[in-house]
Amino acid sequence: MNNYLILNFQNAKLFRKFDKNKKNRRTNDFVFSRTSEYVSRDFYPSFVEPITVHQISNMLHVLFNERPVPSFRDVVYDRVESLFEKAQNSYLKIDTPKHNNNDFYYETMHVRKAVTNAWNPSPPINWETIKRYIDDEDKFITIVSFLNKTLNQDVTIISADNLKDLVQNLDTKTRLELYELITNLMNISGLIYFFGRFNNGKFDKPDNSKLTCKLNKTAKMVNRGLEHVAVLSGQIIVPVTDDDINVIKNNSKGFAKILDGGLVFIDSVKNENNIDINGFVKVSEISDEKTKPAKNLII
Amino acid sequence: MIKNVLVKLEFDGRGIVNNDSNDQKWVLKGTHLKAYHDNVTFSKKCFYKNNDPDVSNDVDYKIKISENCLLKNAKRYIELAQVPSIIHNPALLYSAIASPEALVCGYLFPSTTGSITRSGALNLTSAIQTCNAKSVLEVFSRSGQKKSNDGTEDGGDTTFYFKETVGDIKYSATANIDVMGLQFIPCDIVFDRYQINPDYFQLYKQFLQKKLPNFNSELGYYQLKDSSIEIPEYGVLLSNENIVYLTKFALKLLLGINIAKKGGYARTSSLKIKLVTDPLDHIYNDENDWITVQTSKDIEALDFNAHKFYKEIDLELAKKFRMEFTEKIAECKRIASEAKKEKKAKKKKSKEDSDE
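Spelled out as structure tokens, the structure:
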């Protein structure tokens, strides 16, 4: 008689939005790839169905003390075929109800956003930020000496904001000298924007944001943003053999995760006469069709 | 030898502490929380299908506190480390990630020069309402600036808005402390788990020695016991004493959750744990073997040892495996590059054909 492992999952978060043509919804967000490149988030496909055989297979890999295998990129190790087969023969039921447009309710949550998404139009600037931005002791001293001489005081003891105001009140000739000095020092053009760029015969308004766009030095790396997420819960019924039960007893940590942060707990082991698959879908019947990228964008 | 720790949490509170967007108004159309306005603040909720034929609306709900909100409260100090002055200073960064809070709750420090990320060993679900408290939409007002400062115009930005409120409320949540996740700090890109830069290990070790009891682990090659993948992973394996310390630290974090917001609060009222030695016997739905924890002293009094999920691999053997692995990577890269070239050539050819 076959045995089945009954698993309950809760709080599985599903981040994905696509249109009726199964194309990812456009987003301005970028994500870090494994090689630390920025890639447009809408470039990455996701599965059309919320949970497919791939997620269940990976969950089983973790439950059986094996390494999960990414679904969307190649790795040097292969999946355990017997576990993938087990996933295909499993049954899935998602309890979370669907609402409008036959989709789940997507709640709003705070997420951390990185680098290019975390653009802050008016970040506060202080001397430490300026020093980090310039990232060169000689250049820093040259600029401070020029400002000390021009403003006739030690500028490092006044705030960066006040310094900006004082520079704005200088005459055009002196400001152009400062402009030229910064240009000649090379690779610190953000300071030109900080003091007000000379454009079409007049000075623009100062712009703090250019000083915080140097990725490795001064960027506001992690800001908070908003994201929409559906939270799913349900049950999975997995066929298991006596050997599998032994593996779980001896080597497994007894729980796994599914989707983002979804906790999968063992409920019980039942034989085939005691399981009820009403309302469940066989996992092999769930399509693993992927969404299409909104736009091919790799930066 | 415990393999993980199951946790049942209960929270007492008053008022709403976790809000959602007003997109909820479309789901709540048939309920007493229906709103015709945009200026509405709802609580976070779990929705259920209402199977009661006597009730007109088909949606039922329970108020919840998301696990992000709970975790944010638990790991508030590591959140503070997300500033450039810490991220770009190795000493400050490694001091932050060597803290017990970072080791338990995980972290993510993205960087163009190699992001470091650790999955949290403390896993939580959202706290769901367990009592019958009913929430209502109340009207509030918000003072705003007058449009004219000289008194010529009386208009201003003072507004009325709706906000969901509730009285005394109870929640419950489940949590889990992953002993396997706690015991290993990998610094290897093989399995995409780069939690520290191995070049900074000596710096990292200094901080760990200050923050963990008797920390004396070294970098080495480790492999999951009985795993079919024989690729050793480079990293640090924590001792049993350190894992016990971190597990107790995680329990203290859970016991100390206290979310205080304007107009509401929620705090841990009860904490029960189950030390899992046999994953099939010690299951969540079984009422036996739960230990009630009320104070930090109860946590300190717990006596357990952690199951060892990893085995150390001899350096020579590890080198051999790594050599095979490097060759395999080179082969994969060659195949991928050839496939890419072939695809490009095919595309070029089809373009030329269509032009003709």
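Line by line, the protein sequences are chains H and Y.
Offset between the first sequence (1-based) and the numbering used here: plus 4.
Offset between the second sequence (1-based) and the numbering used here: plus 724.
Virtual Cβ for every residue (Gly too), placed ideally from N, Cα, C.
Would you mind telling me which residues of chain H sit closer than 8 Å to lysine 773 of chain Y, beta carbon to beta carbon, in chain order?
Pro101
Can you give me the Cβ contacts of isoleucine 810 of chain Y inside the same chain, cut-off strictly under 8 Å, excluding the 5 residues immediately before and after it?
Leu816, Leu817 and Ala820
Go ahead and label lysine 1056 of chain Y buried or exposed: buried means 16 or more other beta carbons lie within 10 angstroms of its beta carbon, across all protein chains shown.
For the sequence presented, residue 1056 of chain Y should be read as cysteine rather than lysine. Exposed is the call here.
Ordered along the chain, which non-local residues of its own chain (more than five positions away) have a Cβ less than 7 Å from that of arginine 738 of chain Y?
Gly891, Asp892, Ile893, Gly988 and Tyr989
DSSP state of histidine 824 of chain Y, grouped into three classes?
In the sequence as presented, histidine is not what sits at residue 824 of chain Y; that position holds proline. Helix at proline 824 of chain Y.
Is there at least one Cβ from chain Y nearer than 8 Å to asparagine 69 of chain H's Cβ?
yes
Curious, which full-length alpha helix (DSSP H) runs of at least 4 residues does the stretch 253 to 283 of chain H contain?
none
So cysteine 855 of chain Y contacts chain H; which residues on that side make the cut at Cβ distance below 8 Å?
Within 8 Å Cβ-Cβ: nothing; cysteine 855 of chain Y doesn't reach chain H, min ~19 Å.
Helix or strand or just coil, what does DSSP make of asparagine 26 of chain H?
Per the sequence shown, the amino acid found at residue 26 of chain H is lysine instead of asparagine. Three-state result, lysine 26 of chain H: coil.
Taking C-alpha atoms, which residue in Y/Asn982, Y/Ile1023 and Y/Phe939 lies nearest to lysine 709 of chain Y?
Outside the displayed range of chain Y (725 to 1080) lies residue 709 of chain Y, so it cannot be described from this structure.
Less than 6 Å between C-beta atoms, sequence neighbours within five positions excluded: which residues of the same chain meet that for histidine 103 of chain H?
Tyr109
Please return the same chain residues whose Cβ sits closer than 6 Å to the Cβ of threonine 876 of chain Y, not counting the five positions on each side in sequence.
none
Could you have a look at cysteine 793 of chain Y and say whether DSSP puts it in helix, strand or coil?
helix
Identify which residue in Y/Gln1018, Y/Leu846 and Y/Ala1054 has its Cα closest to the Cα of asparagine 728 of chain Y.
Y/Leu846
So serine 94 of chain H and valine 242 of chain H are supposed to be a Cβ contact under 8 Å. How far apart are they, rounded?
5 Å
Quick one: give me the first and last residue of the alpha helix (DSSP H) that aspartate 165 of chain H is part of.
164 to 172
Distance CB(valine 73 of chain H)-CB(asparagine 62 of chain H) smaller than 8 Å
yes
Could you pull the DSSP bridge partners for lysine 17 of chain H from this structure?
H/Val235 and H/Asp264
Consider the Cβ of glutamate 791 of chain Y: report whether some Cβ of chain H lies at a distance smaller than 8 Å.
yes
Name, going along the chain, the residues of the stretch 933 to 959 of chain Y whose beta-carbon falls closer than 7 Å to a beta-carbon of chain H.
Leu948, Lys949, Asp950, Ser951, Ser952, Ile953 and Ile955
Please classify alanine 298 of chain H: does DSSP put it in a helix, a strand, or coil?
coil
Should isoleucine 1037 of chain Y and tyrosine 946 of chain Y be called a contact, given that it needs their Cβ atoms to be closer than 8 Å?
yes
Indicate whether the contact test is met: 3 or more Cβ pairs, each with one atom in the stretch 41 to 60 of chain H and one in the stretch 133 to 151 of chain H, closer than 8 Å.
no
How is the alpha helix (DSSP H) around alanine 1042 of chain Y delimited, first residue to last?
1039 to 1079
Do the CB positions of glycine 265 of chain H and leucine 96 of chain H come within less than 8 Å of each other?
no
Inspect the beta-carbon positions of serine 994 of chain Y and glutamate 734 of chain Y and report whether they are closer than 8 Å.
yes
Can you tell me whether isoleucine 302 of chain H is buried or exposed, with buried defined as 16 or more other CB within 10 angstroms of its CB?
Caution is warranted here: a pLDDT of 44 is assigned to isoleucine 302 of chain H, below 50, making its placement in the model unreliable, and the coordinate value is therefore given only provisionally. That one is exposed.
Buried versus exposed, by CB contacts within 10 Å (16 or more), valine 863 of chain Y
exposed
Reduced DSSP secondary structure (H/G/I, E/B, other) of serine 1020 of chain Y:
helix
Where aspartate 169 of chain H and threonine 31 of chain H are concerned, what is the direct C-alpha to C-alpha distance, given to the nearest angstrom?
37 Å
Take the Cβ of glycine 980 of chain Y as the centre, count every other Cβ of all protein chains shown within 10 Å, and call the residue buried at 16 or more, exposed below.
exposed
Three-state secondary structure (DSSP) of glutamine 930 of chain Y
helix
By the 8 Å beta-carbon criterion, what residues does the stretch 899 to 916 of chain Y contribute toward chain H?
Asn900, Asp902, Val903, Met904, Ile913, Val914, Phe915 and Asp916
Flag this pair as touching only if the stretch 854 to 870 of chain Y and the stretch 753 to 761 of chain Y have three or more C-beta atom pairs under 8 Å; answer yes or no.
yes
Report the rounded CA-to-CA distance for threonine 898 of chain Y versus histidine 114 of chain H, giving the unit in angstroms.
21 Å
Where the alpha helix (DSSP H) containing valine 136 of chain H begins and where it ends:
First, the amino acid is wrong: residue 136 of chain H is arginine here, not valine. Residues 131 to 138.
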